[in-house]
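All remarks here apply to the structure that follows.
And the structure:
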């Protein structure tokens, strides 16, 4: 008969780690939006995604409004109202208003606004939005 094998000590059980705080799973639920909502919810980033050239980006917007106008004049009026509530238009009006109040050139105002984390229109974007706004009529 063979001698019994020496018994090895069992490794210590791993220390119980404190349970990590459970974070509920966050899921992005895309929502379908129509052209009116798309225009009204447009951010500066969305505007820049339309086209690299701000003039062509405003042409895309003009085409969307023209399509809505084909449906009815009320749709066109709603699209213009939606445009006037979006971030791009608000940045444009805020910059222009401050420039007039402070009696400073727009280019100086746009350069002075460049603080990290806040959206700022470029000079080309500002001019494209200004030209686009001149063409909007009810």
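Residue numbers (our numbering): 2 to 139.
Every residue, glycine too, gets a C-beta built ideally from N, C-alpha and C.
Straight-line gap, residue i to residue j (C-alpha atoms, nearest Å)
i           : j           : result
residue 121 : residue 94  : 12 Å
residue 88  : residue 25  : 31 Å
residue 76  : residue 22  : 49 Å
residue 48  : residue 39  : 11 Å
residue 103 : residue 90  : 20 Å
residue 138 : residue 67  : 11 Å
residue 80  : residue 109 : 31 Å
residue 74  : residue 44  : 25 Å
residue 65  : residue 28  : 30 Å
residue 31  : residue 50  : 18 Å
residue 134 : residue 42  : 17 Å
Assigned secondary structure, residue i (DSSP; H/G/I helix, E/B strand, else coil)
i           : result
residue 44  : coil
residue 77  : helix
residue 49  : helix
residue 26  : coil
residue 37  : helix
residue 121 : coil
residue 8   : coil
residue 138 : coil
Same chain, Cβ closer than 6 Å to residue i, five either side skipped, listed in chain order
i          : result
residue 34 : none
Proximal residues to residue i (C-beta, below 8 Å), its chain only, five neighbours per side dropped
i           : result
residue 111 : 96, 121, 122, 123, 124, 127
residue 69  : 36, 37, 76, 77, 79, 80
Q: Check whether the region 96 to 110 touches the region 51 to 69, taking contact to mean three or more Cβ pairs, one atom from each stretch, closer than 8 Å.
A: Short answer: they don't touch.
(Q) Quick check on the DSSP output: what are the complete alpha helix (DSSP H) runs of length 4 or more inside the region 53 to 118, in order along the chain? (A) 55 to 72, 74 to 84, 88 to 103, 107 to 113
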